[in-house]
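Numbers 0 to 204, taken from numbering that gives the first Met the number 0, label the letters of the sequence shown in order. Just so you know, even glycine gets a beta-carbon here, dropped at the ideal spot from N, CA and C. Okay, structure first, notes after.
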Amino acid sequence: MKKPKIRELCEALRSFFSRPFTTTFPLTAHEPAKKFRGKPEYNEDTCVGCGACFQVCPSKAIDMVDEIKDGLGRRILIHHPKDCLFCGECERNCITGDGIKLSRIFDIAYFDEKDVQDRIEHELLLCKHCGQVIGAVKHLTWIRKKLGNLAFSQPVLISRFTGEIRLATGAEESFSGETDRTDILKTVCPGCRRLAFISDEGGER
Ligand code: SF4
Ligand code: SF4
0 MKKPKIRELC
10 EALRSFFSRP
20 FTTTFPLTAH
30 EPAKKFRGKP
40 EYNEDTCVGC
50 GACFQVCPSK
60 AIDMVDEIKD
70 GLGRRILIHH
80 PKDCLFCGEC
90 ERNCITGDGI
100 KLSRIFDIAY
110 FDEKDVQDRI
120 EHELLLCKHC
130 GQVIGAVKHL
140 TWIRKKLGNL
150 AFSQPVLISR
160 FTGEIRLATG
170 AEESFSGETD
180 RTDILKTVCP
190 GCRRLAFISD
200 EGGER
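Next up, the structure:
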C-alpha cells in the first residue's frame with residue numbers, strides 16, 4: 000500500500016480539529032451571497048406587462064396568458080421555478096429595468112408547484128371594434144410617457160392620453176357597424192385601422 004505523504008497527513012489532522020466549513024442550514028438560516036441569483040420575482044409597481052421577459056426566457060420558465068372574458072382582458076405572467084435556469088435574462092431584458100428581479104430566495108422545494116410560483120396580472124386594452132388584444136394598459140401608458148410629445152403620432156396612444164385626462168367620452172369610442180374613416184383615431188387594432196384607412200380611400204376591403 001502506498002504510504003500517505005506528510006502534507007496530506009497534516010491536512011487530515013487540521014481538518015479533523017477545525018470547525019466545519021459548511022453552514023449549519025437548516026438549523027440556522029442561511030444567508031446567500033450578495034450577488035446570489037435566486038428565484039426571480041415580479042414587482043407590482045414597476046412591471047408594465049410588456050411580455051419581454053416571457054419572450055427572452057431561454058427555458059420557457061415564464062408563461063404569458065391573455066384571457067378575454069365578458070369584453071374585459073387580462074394578461075397573466077407566471078414564473079415557474081421548476082424550469083428556471085436562474086440565468087438572469089428576464090431581469091437584464093426587462094424594459095423598465097425593475098419589473099422582475101432575481102431575489103436571494105433559494106429554498107424553493109415544494110409539494111405543489113403553485114406554492115412557489117410568482118405571478119402578476121395586468122389589464123389588457125382591446126380593440127373597440129373587433130376585440131383583438133392591443134397590449135397591456137400599463138405598458139401603453141409607459142410608452143406614452145417615455146415618448147412624450149412623440150406619442151401624439153400614434154392613434155392608440157392619443158386615445159389613451161385623452162382617456163387618461165378624461166377628455167374622451169364613450170360616444171367617441173363607439174362604432175356604428177363597419178369601420179369608416181372617422182374611426183382612425185379610436186382604440187382599434189392595426190387590422191381595423193387598416194380597414195378604416197382603406198374605407199377612407201374608397202378602396203376594396
Ligand atoms: S432567470 Fe433565466 S430561466 Fe429563469 S425565468 Fe429568468 S430568463 Fe427564464
Ligand atoms: S415590464 Fe419587465 S417584468 Fe414586466 S412583463 Fe415587461 S419585461 Fe417582464
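**Prompt:** Going by the beta-carbon positions, is the gap between Leu-84 and Ala-60 smaller than 9 Å?
**Reply:** To locate residue 84, count along the sequence shown from 1; it is residue 85. To locate residue 60, count along the sequence shown from 1; it is residue 61. At a Cβ-Cβ threshold of 9 Å, Leu-84 and Ala-60 count as neighbours.
**Asked** When burial is assigned at 16 or more other CB atoms within 10 Å of the CB, is Leu-71 buried or exposed?
**Response** Locating residue 71 in the sequence shown gives position 72, counting from the first residue. Counting Cβ neighbours within 10 Å, Leu-71 comes out exposed, since fewer than 16 surround it.
**Asked** Just the Cα atoms here: how many angstroms apart are Leu-166 and Asp-117?
**Response** Counting from one through the sequence shown, the residue named residue 166 turns up at place 167. Counting from one through the sequence shown, the residue named residue 117 turns up at place 118. Spanning the two alpha carbons is a distance of roughly 37 Å.
**Asked** Between the C-alpha atoms of Cys-86 and Gln-131, what's the straight-line distance to the nearest angstrom?
**Response** Within the sequence shown, numbered from 1, the residue matching residue 86 stands at position 87. Within the sequence shown, numbered from 1, the residue matching residue 131 stands at position 132. Taking the straight line joining both Cα atoms gives about 33 Å.
**Message:** One question on the structure: do Leu-101 and Pro-39 come within less than 9 Å of each other, judged by their Cβ atoms?
**Reply:** Translated into the one-based positions of the sequence shown, residue 101 becomes position 102. Translated into the one-based positions of the sequence shown, residue 39 becomes position 40. Yes, the pair counts as a contact, with Cβ atoms nearer than the cut-off.
**Request:** Between the Cα of Thr-178 and those of Ile-157, Pro-189, Ile-133, His-128, spot the shortest distance and give me the residue it belongs to.
**Result:** Numbered from its first residue, the sequence shown carries residue 178 at position 179. Thr-178 has its Cα closest to that of His-128, out of Ile-157, Pro-189, Ile-133, His-128.
**Request:** Report all residues from its chain with a CB closer than 6 Å to the CB of Phe-174; omit the five preceding and five following residues, and keep chain order.
**Result:** As a working mapping, residue 174 is identified with position 175 in the sequence shown. Cβ within range, chain order: His-128.
**Request:** Let me know the secondary structure DSSP gives Arg-118 once reduced to three states.
**Result:** To locate residue 118, count along the sequence shown from 1; it is residue 119. Arg-118 sits in a strand when the DSSP states are folded into three classes.
**Prompt:** What does a CB cutoff of less than 7 Å around Glu-88 pick up in its chain, not counting 5 residues either side in sequence?
**Reply:** Along the sequence shown, read from residue 1 onward, the residue named residue 88 stands at position 89. For Glu-88, where only same-chain residues beyond five positions count, the Cβ hits under 7 Å are Val-55, Cys-56, Pro-57.
**Asked** Thinking just about the alpha-carbon of each residue, which of Leu-124, Phe-15, Gly-37 is nearest to the one in Lys-68?
**Response** Working through the sequence shown from its first residue, we reach residue 68 at position 69. Closest option to Lys-68, judged by alpha-carbon separation, among Leu-124, Phe-15, Gly-37: Leu-124.
**Asked** Just how far apart, CA to CA, sit Pro-20 and Cys-9?
**Response** Along the sequence shown, read from residue 1 onward, the residue named residue 20 stands at position 21. Along the sequence shown, read from residue 1 onward, the residue named residue 9 stands at position 10. Here the sequence assigns Phe to residue 20, which means Pro is not the residue at that position. When rounded, the distance between both Cα atoms is 17 Å.
**Request:** Check the C-beta distance from Ile-119 over to Leu-76 and give it rounded, since I have them as a contact under 8 Å.
**Result:** Within the sequence shown, the letter at position 120 stands for residue 119. Within the sequence shown, the letter at position 77 stands for residue 76. The beta-carbon distance between Ile-119 and Leu-76, rounded to whole angstroms, is 5 Å. This is short enough to meet the 8 Å contact definition.
**Buried or exposed (CB count within 10 angstroms, at least 16 for buried), His-29** = What you label residue 29 is simply residue 30 of the sequence shown in a count that begins at 1. By the neighbour-count definition (other C-beta atoms within 10 Å, threshold 16), His-29 is an exposed residue.
**Prompt:** How about Phe-85: is its Cβ closer than 8 Å to a heavy atom in ligand 1?
**Reply:** Locating residue 85 in the sequence shown gives position 86, where the first residue counts as 1. Checking the Cβ of Phe-85 against ligand 1 gives yes.
**Message:** For ligand 2, I want to know if Tyr-41 counts as a neighbour, meaning its beta carbon is within less than 8 Å of at least one of the ligand's heavy atoms.
**Reply:** Looking up residue 41 in the sequence shown gives position 42. Result yes, Cβ under 8 Å from ligand 2.
**Asked** Considering only C-alpha positions, which residue in the set Glu-112, Phe-110, Ala-195, His-78 is nearest to Ile-99?
**Response** Residue numbering aside, residue 99 sits at position 100 when the sequence shown is read from its first letter. The residue among Glu-112, Phe-110, Ala-195, His-78 with its C-alpha nearest the C-alpha of Ile-99 is His-78.
**Asked** Any idea if Leu-146 is buried or exposed, counting beta-carbon neighbours within 10 angstroms, 16 or more meaning buried?
**Response** Reading the sequence shown from its first residue, position 147 is the one you call residue 146. Leu-146 comes out exposed.
**Asked** Grouping DSSP H, G and I as helix and E and B as strand, with all else coil, what is Ile-77?
**Response** Taking the sequence shown and counting its residues from 1, one reaches residue 77 at position 78. For Ile-77, the secondary structure class from DSSP, reduced to helix, strand or coil, is strand.
**Message:** Taking the straight line between their C-alpha atoms, what separation do you get for Cys-188 and Cys-126?
**Reply:** Translated into the one-based positions of the sequence shown, residue 188 becomes position 189. Translated into the one-based positions of the sequence shown, residue 126 becomes position 127. Rounded to whole angstroms, the separation of the alpha carbons of Cys-126 and Cys-188 is 5 Å.
**Request:** List the residues that DSSP assigns as beta-bridge partners of Val-39.
**Result:** As a first step, residue 39 must be located in the sequence shown, where it is residue number 40. Looking at the sequence provided, one finds Pro at residue 39 rather than Val. Listed as beta-bridge partners of Pro-39 by DSSP are Leu-101.
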